[in-house]
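Structure first, then comments.
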Amino acid sequence: MPTVPLSPADLRLTIDPATLGFVDTTELADEALPWIGQARAEAAARFGLGMDQPNYNLFVLGEVGSGRSSLLRQAMVEAAAKRRAPPDLCYLHNFDAPERPLALRLPAGEGRLLRQLLAQTVKTLQAEIPPQLGGQDYKTESERIEKAWKDDVARHYAELSAFAEARSFSLHREAGRMVFTLIGKKGQALTEDEVLALPKARRVAVEQAEQELRAEIARYIEKTQPLERAMNEALAALRRQVVKPLVERALQAIRAGLKKQIKDAAKLNVWLDALEHDVFDNLELFNGGEEDEGQEEALHAVLARYRVNLVVDNGGLAGAPVIVEDNPLFRALFGSIEYQSENDVLVTDFSRIRAGSLLQAHGGFLMLHLRDVLADPLVWEKLRRFLRSGRLQIEEPGVSFSPIAAVSLVPEAVDVEVKLVLIGSRDQYYELQEAAPEFVRHFRAKVDFADSFLASAGTHRASAIFVAHVCREHGLPHFSAAVVARLLEESHREAGDQARESAIFARTEAMVMESAAICRAGGRSRVMAEDVEAALAAHTARHDYPEQRLREEIAEGDVLIDLHGARTGQVNGLTQIDLGDYRFGLPVRLSARTYAGEEGLLNIEREVELSGPIHDKGVFILQAYLAALFAHLAPLSLNASIVFEQQYHGVEGDSASCAELYTLLSALSGLPLKQGIAVTGAVNQHGEVLPVGGINEKIEGWFSVCEAAGLDGSQGVLIPARNRRHLMLAPRVVEAVARGRFHIHTAELATEGIELLTGVTAGEPNAAGHYAPDSVLGQAQDALLAFRRACQQQEHARAPRRHFRVADRPQRR
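So the sequence shown is residues 0 to 812, counted in numbering that gives the first Met the number 0.
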């Protein structure tokens with residue numbers, strides 16, 4: 000079959016604004032923004048967000064700009080609105096082990112209330128305990144207790160004094176010690192020298208009396224110390240008795256103030272009981288004077304234990320929390336413990352515990368980006384442990400490496416129920432699935448965002464709603480239906496398909512904002528089609544310097560490209576260059592040389608390691624197809640070389656395999672190829688032409704080169720027929736085709752293309768597999784036969800000759 004030239008109507012999709020059903024986007028601004036073309040992703044997201052069972056976290060796959068983050072955030076907010084607000088989280092002082100603060104869950108809003116009630120209780124205790132302990136009843140009873148103790152002590156002291164006096168010793172207290180002195184006959188205390196001067200018998204008697212007195216003093220101390228302890232206990236009991244109604248009333252007000260039933264009620268009651276005992280143990284601090292600064296500081300330290308550290312306050316939430324953590328540092332994600340330096344020691348307490356995003360998202364949703372999580376090994380490992388256990392232990396990992404000593408703190412670990420939404424690319428997902436399958440097991444809800452989707456009237460309208468929302472969100476002038484239709488055509492262009500739209504709406508959003516800016520600069524209130532065209536042209540001008548420079552090299556003759564006439568063993572191929580933010584196409588000359596030999600096809604790019612594996616695969620397929628064409632001549636006696644001329648940065652892809660085939664056939668047959676027709680397309684082992692990528696950029700790149708040199712009506716491109724629906728060419732190319740100045744041909748089979756390029760029939764094999772002599776393949780066949788004969792002659796010439804002597808000949812019997 001011959002190649003098929005395409006009409007202008009085949010070259011791009013044109014959308015009629017009348018089919019969109021609106022005049023301008025102001026009519027659409029109030030409509031809800033749907034998940035455009037992402038029905039599968041939407042169903043998966045709603046399934047995952049609705050599953051309350053563990054391990055149904057969401058892993059969101061998709062390209063940047065596909066709306067994966069914004070749409071998931073919207074879905075999270077909708078799902079969170081249907082849930083109840085989760086409980087507050089408080090940390091309290093642990094009276095038994097201060098280094099291990101207690102965690103307490105309270106209904107939403109109750110944490111704030113408990114903090115207020117305890118603050119009020121502390122004020123009440125500070126204000127009312129001192130008057131209670133300074134009352135007349137307390138003073139009278141405490142004086143009675145102290146008097147009884149003093150009387151008992153005095154009685155025992157009198158007995159001790161009498162005991163000492165009976166043994167000629169005087170007894171008195173001095174700095175809390177018992178001091179006794181030997182008394183002489185005249186009633187005066189004897190000095191040490193006087194004692195030594197006493198007769199020996201007297202000295203022995205004195206030493207004996209001294210030992211007895213010391214023993215009696217010890218018995219005195221044993222009797223009076225329990226009396227002092229009893230007095231202190233009696234005074235403490237009295238203080239408790241006086242203060243207990245006040246303390247119990249204050250704590251009962253706390254219990255009554257927390258009206259909602261709480262899961263940790265028993266835990267809170269135990270803590271309040273411990274608080275009550277702590278108040279009783281430190282009542283003496285409440286009775287200090289203002290002049291006693293040390294006692295006042297001690298009282299403040301005690302009262303600080305009765306505070307509430309409300310680390311998560313959900314009192315203002317109407318539903319579950321939705322948190323997007325864009326900076327998942329260790330402290331921001333898992334919480335932290337703050338320290339301060341005191342006397343070269345890092346100190347802290349329960350009030351310095353801070354919650355991270357995970358704790359704040361308890362009962363709700365937390366969005367993270369995988370790239371951010373993987374950036375910090377500490378965060379990655381901690382997150383894996385959390386997913387495995389479901390419990391979070393707040394810690395400060397850097398403290399252990401601090402150059403100064405630190406007071407350690409180990410807050411009570413808490414169970415955290417949170418739905419994680421992890422954003423990543425497909426490559427990251429599958430790499431993670433292989434490297435850490437136990438991690439992916441916790442993300443059973445896979446939300447896969449499409450890069451493109453089948454277009455319909457519904458998706459066109461949904462895309463128009465997206466434009467309207469962008470205009471409303473950024474306060475931009477609105478777009479007419481004709482302008483939206485142009486944006487939709489550009490979306491099809493981005494997808495490279497007349498039947499599909501691009502799902503990367505970030506590009507559409509950028510074009511909306513850039514077009515609106517040009518509109519405003521022109522003083523208009525509605526964006527017009529020329530604004531969009533100007534924005535597209537400006538975008539190209541900002542990115543096309545590399546393309547422009549390469550075209551200049553072609554125009555200046557530095558890069559050899561023939562646009563007219565015909566050449567043997569030479570054709571113009573088409574290549575696409577992708578810079579990430581900009582893609583463009585350019586021609587590249589391919590040439591081939593053939594001669595007799597047995598080395599087969601030599602790919603020069605492969606030999607010098609400038610080709611990628613896909614290109615090498617295409618060459619091997621081409622070699623197989625060529626061998627199949629001339630199977631009746633096997634083995635082929637052929638040496639051939641193919642090269643991409645003036646290419647020094649590597650070649651990848653198989654889209655040039657058709658062009659490589661044509662250069663080989665031209666070199667074999669001696670038939671020249673038209674240089675005004677550039678070729679792109681892959682070929683399989685059966686000679687079918689396969690579709691290639693970047694078709695629009697390749698065609699436009701060749702068109703621009705031809706246009707710069709002057710279109711003469713003979714130029715065009717040969718593309719795979721299967722690429723026909725991918726055409727979304729620029730209007731200037733369509734116009735040139737309509738005027739007959741440029742042509743676009745399609746081919747189903749590789750043999751169709753060779754006929755277009757040479758103007759000679761490709762040729763069909765007869766029953767013996769031979770081709771007609773006047774066909775392309777026939778002339779190539781003749782060249783291969785000539786190569787075979789040449790090789791055979793050369794082989795015969797190299798074969799050694801054997802010479803026989805008469806004597807060596809066998810004798811006839």
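Think of the CB as a built atom: it goes at the ideal place given N, C-alpha and C, for glycine as much as any other residue.
Treat the numbers as computed from the prediction; the structure is a model and nothing was measured.
Where residue i sits in the DSSP three-state scheme
| i | result |
| --- | --- |
| Leu91 | strand |
| Glu140 | helix |
| Val736 | helix |
| Ala796 | helix |
| Glu173 | strand |
| His459 | helix |
| Thr18 | helix |
| Asn571 | strand |
| Gly777 | helix |
| Gly700 | helix |
| Ile641 | strand |
| Met366 | strand |
| Pro396 | helix |
| Phe786 | helix |
| Arg519 | helix |
| His742 | strand |
| Ala8 | helix |
| Arg45 | helix |
| Gly423 | strand |
| Tyr219 | helix |
| Asp263 | coil |
| Tyr594 | strand |
Proximity winner among the options, relative to residue i (alpha-carbon distances)
| i | options | result |
| --- | --- | --- |
| Glu30 | Lys697, Phe465, Ala708 and Leu670 | Phe465 |
| Lys673 | Ala681, Tyr661, Gln684 and His92 | Tyr661 |
| Arg213 | Ala229, Arg202, Arg176 and Ala235 | Arg176 |
| Gly363 | Thr458, Ala767, Arg738 and Gly47 | Gly47 |
| Pro634 | Leu573, Glu433, Gln622 and Leu328 | Gln622 |
| Val205 | Phe168, Ala229 and Leu105 | Phe168 |
| Ala78 | Arg485, Leu670 and Asp51 | Asp51 |
| Leu475 | Val446, Glu555, Met510 and Gln684 | Met510 |
| Arg238 | Gly521, Gln207 and Glu142 | Glu142 |
| Glu416 | Leu328, Asp151, Gln427 and Phe385 | Phe385 |
| Thr13 | Glu380, His368 and His459 | His459 |
| Lys146 | Gly596, Trp34 and Leu234 | Leu234 |
| Arg506 | Ala533, Val736, Glu555 and Asp580 | Asp580 |
| Tyr594 | Glu140, Ala782 and Gln547 | Ala782 |
| Lys222 | Ala681, Arg306, Arg154 and Gly134 | Arg154 |
| Arg443 | Ala229, Arg11, Val3 and Tyr55 | Tyr55 |
| Ala255 | Val736, Leu755 and Leu112 | Leu112 |
| Ser820 | Ser656, Phe643, Ala626 and Gln645 | Nothing about residue 820 can be read from this structure; the chain reaches only from 0 to 812. |
| Arg11 | Ala161, Val733 and Glu794 | Val733 |
| Trp34 | Ala8, Leu101 and Ala74 | Ala74 |
| Ala484 | Ser455, Glu472, Ala236 and His473 | Ser455 |
Same chain only: Cβ atoms within 7 Å of residue i, ignoring 5 sequence neighbours per side
| i | result |
| --- | --- |
| Asp414 | Gly389 and Arg390 |
| Asn722 | Pro690, Val691 and Ile694 |
| His171 | Val178 |
| Ala534 | Met510, Glu513, Ser514 and Ile517 |
| Ser774 | Val759, Thr760, Ala761 and Gly762 |
| Leu776 | Leu628, Ala761, Gly762 and Tyr770 |
6 Å Cβ shell around residue i - same chain, five flanking residues per side excluded
| i | result |
| --- | --- |
| Arg811 | Low local confidence applies: a pLDDT of 40 at Arg811 is under 50, so the model's placement there is unreliable, with the coordinate-based value given in what follows. If we look at Arg811 and ignore the five residues flanking it on each side, it has no Cβ neighbours. |
| Ile216 | Met177 |
| Gln778 | Ser668 |
| Val241 | Gln131 and Tyr137 |
| Val716 | Ala677, Ile698, Trp701 and Ile743 |
| Gln569 | Ser590 |
Residue i beta carbon near the ligand SAM (any heavy atom closer than 7 Å)
| i | result |
| --- | --- |
| Lys262 | Judged by which ligands are present, the structure shown has none, so any question about the ligand SAM falls away. |
Cβ-based neighbour list, residue i, same chain, cut-off 8 Å, excluding 5 preceding and 5 following
| i | result |
| --- | --- |
| Ile253 | Leu113, Leu116, Leu117, Thr120 and Leu271 |
### Task
Could I get the ranges of all uninterrupted beta strand (DSSP E) runs contained in the stretch 481-517, with 3 residues as the minimum, in chain order?
Runs of the beta strand (DSSP E) lying entirely within the stretch 481-517, each at least 3 residues long, are 499-501 in chain order.
### Task
Just list the beta strand (DSSP E) runs in the stretch 277-346, keeping only unbroken ones of 3 residues or longer that don't cross its boundaries, in chain order.
Fully enclosed beta strand (DSSP E) runs of 3 or longer: 308-311, 321-323, 339-341 and 344-346.
### Query
Just checking, does the stretch 306-322 make contact with the stretch 79-88 on the three C-beta pairs under 8 Å criterion?
Using a Cβ-Cβ distance cut-off of 8 Å, the stretch 306-322 and the stretch 79-88 are in contact, since at least three pairs of beta carbons, one from each stretch, lie closer than that value.
### Message
For the structure I just gave you, are there three or more beta carbon pairs, one from the stretch 547-562 and one from the stretch 521-539, closer than 8 Å?
### Response
Result no; under three Cβ-Cβ pairs closer than 8 Å.
### Query
Would the stretch 717-737 and the stretch 483-499 be scored as touching if the rule is three or more Cβ pairs under 8 Å?
Touching, yes.
### Query
Would you say the stretch 359-377 touches the stretch 322-337, given that touching needs at least three Cβ pairs under 8 Å?
The stretch 359-377 is in contact with the stretch 322-337.
### Message
Between the stretch 265-282 and the stretch 369-377, can you find at least three pairs of beta-carbon atoms closer than 8 Å?
### Response
No, because fewer than three Cβ pairs between the stretch 369-377 and the stretch 265-282 fall closer than 8 Å, the two stretches do not touch.
### Contained beta strand (DSSP E) runs [length at least 3] in the stretch 56-81, N- to C-terminal order
Every beta strand (DSSP E) of 3 residues or more that sits fully in the stretch 56-81 is shown, in chain order, as 57-60.
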